[in-house]
Amino acid sequence: MVISEENPITAAGYIRVSQERQVKNGYGLEAQEHDIKRFAEYKGWQPIELYREEGVSGYKRDRPALERLLADAKAGKFDVVVFPSIDRTGRSVKDIIEIDTALRDAGASIVFLREGIDTSTPTGQLFRNIMASVAEFEGRMIYERLSKGRCRKAAAGGYVGGWLPLGYRRGEDGKVAVVPEEAKIVKRIFRWSA
12 MVISEENPIT AAGYIRVSQE RQVKNGYGLE AQEHDIKRFA EYKGWQPIEL
62 YREEGVSGYK RDRPALERLL ADAKAGKFDV VVFPSIDRTG RSVKDIIEID
112 TALRDAGASI VFLREGIDTS TPTGQLFRNI MASVAEFEGR MIYERLSKGR
162 CRKAAAGGYV GGWLPLGYRR GEDGKVAVVP EEAKIVKRIF RWSA
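Quick note on my numbering: the sequence shown kicks off at 12 and runs consecutively.
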């Protein structure tokens with residue numbers, strides 16, 4: 012492909028946050044979007060689309076926006092894909108390399124902003140592999156810390172099962188307490204259904 016003013020480089024971006032609270036408070040996606048747009052502008056690339064993954068774990072390989080990105084890459088809709096960082100791509104070395112390879116096979120080059128990696132070169136691919144290993148390690152460490160925290164909380168009598176059902180609330184001490192007014196309603200519903 013000949014790059015010229017008539018045929019400029021087109022860039023896509025992929026942004027992702029794992030948790031719904033990150034989506035709700037706006038932190039994360041907006042910063043990632045800003046960084047990608049600023050970088051594309053600096054490089055003189057024509058931005059075409061941002062692929063947004065809201066509240067989706069990097070451990071999941073089947074992600075709607077990622078699948079659209081890969082399909083659009085195969086259709087030749089852009090020349091380069093910008094990721095804010097390698098861990099936004101995924102949390103396993105295998106997935107990161109597969110995604111990178113699929114994009115490059117489709118003719119798109121890949122840039123990981125935070126790490127300063129362009130995978131179109133052998134050196135970039137080496138650094139991608141190293142940083143993919145770091146991303147996987149970080150993910151495992153996060154999981155381990157969360158698991159230990161849940162175990163400590165459960166041992167102290169705290170509730171670690173997610174949202175509490177109707178009739179219960181979490182007290183200031185983190186322990187589960189019955190909400191008498193709601194509990195009456197729940198008991199009534201069970202009596203009606205019996």
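Built from N, CA and C at the ideal position, the CB exists for glycine as well.
PHE50 - DSSP class collapsed to helix/strand/coil = DSSP places PHE50 in the helix class (H, G or I) of the three-state scheme.
Would you please state the rounded distance, in angstroms, between the beta carbons of ALA9 and ASP83? I believe it to be under 8 Å.
-> The first residue shown for the chain is 12 and the last is 205, placing residue 9 beyond what the model contains.
If you draw a straight line from the C-alpha of LYS164 to the C-alpha of PRO95, how long is it?
-> Spanning the two alpha carbons is a distance of roughly 34 Å.
Which two residues bound the contiguous alpha helix (DSSP H) that contains ARG202?
-> Counting along the chain, ARG202 sits inside the alpha helix (DSSP H) bounded by residues 191-204.
Where are the beta strand (DSSP E) runs, 3 residues long or more, that stay fully inside the stretch 56-138, in chain order?
-> Taking only runs of at least 3 residues, the beta strand (DSSP E) segments lying wholly in the stretch 56-138 are 57-65, 91-94 and 120-123.
Could you tell me the boundaries of the beta strand (DSSP E) in which ALA23 lies?
-> Where ALA23 is concerned, the enclosing beta strand (DSSP E) stretches over 21-28.
Would you mind stating whether ARG102 and ALA146 have Cβ atoms separated by less than 8 Å?
-> In contact: ARG102 and ALA146 (Cβ atoms closer than 8 Å).
Determine the contact status of LEU61 and ILE26, defining contact as a CB-CB distance below 8 Å.
-> Cβ atoms of LEU61 and ILE26: closer than 8 Å.
If you drop the 5 nearest sequence neighbours on each side, which residues of the same chain put their C-beta closer than 6 Å to that of ILE110?
-> Correct list, in chain order: THR100.
Pick out whichever of GLU126, GLU155, LYS159 and VAL189 has its Cα sitting closest to the Cα of PRO176.
-> A check of alpha carbon separations from PRO176 across GLU126, GLU155, LYS159 and VAL189 identifies VAL189 as the nearest.
Would a C-beta distance cut-off of 8 Å place LYS122 and VAL171 closer than the cut-off?
-> In the sequence on display, residue 122 carries Val and not Lys. No, these two residues do not count as a Cβ contact at 8 Å.
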